[in-house]
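See below for the structure under consideration.
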Ligand SMILES: Cc1cc2nc3c(=O)[nH]c(=O)nc-3n(C[C@H](O)[C@H](O)[C@H](O)COP(=O)(O)OP(=O)(O)OC[C@H]3O[C@@H](n4cnc5c(N)ncnc54)[C@H](O)[C@@H]3O)c2cc1C
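Here it is in structure tokens:
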């Protein structure tokens, strides 16, 4: 941390910043506050018992045994002590008293704030798309959101076992790849025609489907799960209109739901998440919201978006700190994310719309290509697949009107476009 911040000390009884969360957004917010010279008290209320950590490896390197749990936190437990951040692990904020400006922690315990940051993230969606899926709460049916979830799931990744994954979004497909690497027999089921259909459209979804099939994943696309049953002798059965699929364990990977409840009860404006402006201030100017929970006004796009990605959580954590420090910074960057499946590494930048036209540069069968998405001829998003050091340049191409043939022609120097 900076010398200025190290030199500063908090004054007893002085009001400061309280952050509710304990995920990546919260960690980066408190870190950026101290780095920026904030000397008032900082309290971080975190439900989990873990020092705030990165979730992306939970479905990839951690599950594959390539990254141990102790390497997941961006900042060590010692850092919080040195930075004089009152990190309260295993503590859940129960309510916010907006008129008294304090957070209730259960019983008589509360913590008062000058600024409050809500960074409560998301939880795994349960119960299926129709919310009535029988059996989602049976033993042997798992979700993946936390390190604790990942530890539990990892114990089952034993060669020869049968895993059925319900849902073919990012987490479902990443876990499928990690489980295959451990020799697990994997079936992925989704009512969609291809994986990642909503997020990425059919071109990339078909490519991911082929990648998984060629690595031995059984793909049941276009198939809705009606329920899960447990037979004491035969184990779990995932029920579909075309018959049951036997499973030793099941992963329910059907999306995430924002942990909005505190904000709703506090009377904050709610949309798809907690509605905040471009400085991340909510409808109550003393309260900010960041990360997966925030529906924030993005000045680059001219509208509000809620993003469930790593890069966004980090950057919004830093931006909230800037706002509290009185700096005039805004949410002005384009969404970005990365994934990694069976050696397919990809980075995405932009704001793809469901109806945008996909234009592929390069040969998809080679596994190295770029997809651009265009709306009325204008590039809205781009994704580099197994081609590196180009994403920053792709970011500069968003908003440009470049002819399709020019984009597709690999003889044209990408960096000159
Ligand atoms: C398995 C997995 C893999 C992922 N892979 C990728 C990837 O490859 N690329 C990518 O860009 N993104 C990925 N993501 C998404 C990324 O991790 C999230 O966008 C990011 O973690 C969001 O950070 P956050 O701080 O907003 O919320 P979270 O990380 O969800 O943290 C919120 C924290 O708040 C705590 N909390 C909730 N309510 C309370 C309360 N009342 N009191 C106290 N604490 C509370 C929760 O327990 C949680 O610890 C992945 C996510 C998961 C789960």
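In my numbering, the protein residues as written are 11 to 427.
Note that the Cβ used here is the ideal one computed from N, Cα and C, for glycine as well.
Note that the coordinates shown come from a computational prediction; the quantities given were computed from them, not determined experimentally.
Within the same chain, no Cβ atom closer than 7 Å to the Cβ of residue 76 is found once the five residues on either side in sequence are excluded. Here residue 393 is buried. Its C-beta has 16 or more other C-beta atoms within 10 Å.
The straight-line gap separating the alpha-carbon atoms of residue 74 and residue 319 is approximately 21 Å.
Taking a C-beta distance under 9 Å as the contact criterion, residue 309 and residue 341 qualify as a contact pair. A distance of 9 Å or more separates the beta carbons of residue 239 and residue 228. Residue side-chain check: residue 389 keeps its Cβ at 8 Å or more from all non-hydrogen atoms of ligand 1.
Secondary structure of residue 53 (DSSP, three-state): strand. Collapsing the DSSP output to three states places residue 105 in a strand. Assignment of alpha helix (DSSP H) within the segment 205-255, counting only whole runs of 4 or more residues, yields 207-224 in chain order. Assignment of residue 118 by DSSP, reduced to helix, strand and coil, places it in the coil class.
Distance from the CA of residue 80 to the CA of residue 55, rounded to the nearest whole angstrom, comes to 20 Å. In the DSSP assignment, residue 360 forms a beta bridge with 391. Cα atoms of residue 418 and residue 404: separation of roughly 14 Å, rounded to the nearest angstrom. Shown here, residue 81 sits in a helix according to DSSP, grouped into three states. Two segments are said to touch when three or more pairs of C-beta atoms, one from each, lie closer than 8 Å; by this definition the segment 289-308 does not touch the segment 176-193. Exclusion of the five residues before and after residue 133 leaves 155, 266, 267, 269 as the residues of its chain whose Cβ lies within less than 7 Å of its Cβ.
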